[in-house]
Amino acid sequence: MNTSEENDLDHTCGLSDDELTERFKESIRIDNEIRRIKGLPIPKFDEEKHKPYMELPDGKRLYEE
Numbered sequence: 057m058n059t060s061e062e063n064d065l066d067h068t069c070g071l072s073d074d075e076l077t078e079r080f081k082e083s084i085r086i087d088n089e090i091r092r093i094k095g096l097p098i099p100k101f102d103e104e105k106h107k108p109y110m111e112l113p114d115g116k117r118l119y120e121e
């Protein structure tokens, strides 16, 4: 296919933006579950402090500096 003939749907395999967003969110949820099972820290974001942090398996938060 000539690149001039491609459109946005060609780049997303015919999926809507909403479907891509849902798939992305689900992939993050699965990754976090795997991290939790393996006992690895999970990256998160504190909305109140507007800062990213790592949540350790024991629930402790390590804020990024």
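Residue numbers (my numbering): 57 to 121.
By construction, the Cβ of each residue, glycine as well, lies at the ideal position given by its N, Cα and C atoms.
As the structure is a prediction and not an experimental result, all values here were calculated from the model.
Return the chain-ordered list of same chain residues with a C-beta closer than 7 angstroms to the C-beta of residue i, the five sequence neighbours on each side being excluded.
i: Glu120; result: Lys107, Pro108 and Tyr109
Pull up the distance between the alpha-carbon of residue i and that of residue j, whole angstroms please.
i: Leu71; j: Glu104; result: 34 angstroms
i: Glu89; j: Asp73; result: 24 angstroms
i: Ile86; j: Arg117; result: 21 angstroms
i: Asp102; j: Ile84; result: 17 angstroms
i: Lys94; j: Asp114; result: 13 angstroms
i: Glu111; j: Arg91; result: 11 angstroms
i: Glu82; j: Pro99; result: 15 angstroms
Over the uninterrupted alpha helix (DSSP H) stretch that includes residue i, give me the two end residues.
i: Lys52; result: There is no way to answer for residue 52, as the model of the chain reaches only from 57 to 121.
Closer than 8 angstroms by C-beta to residue i: which residues in its own chain qualify, once you throw out the five before and the five after it? Chain order, please.
i: Asp97; result: The sequence shown places Pro at residue 97, not Asp. Arg91, Met110, Glu111, Leu112, Pro113 and Leu118, listed in sequence order.
i: Ile79; result: Reading off the sequence shown, one finds Arg at residue 79, where the question assumed Ile. Same-chain partners within the cutoff: Leu71.
Hey, could you find the ends of the beta strand (DSSP E) residue i is sitting in?
i: Asp102; result: Ile98 to Asp102
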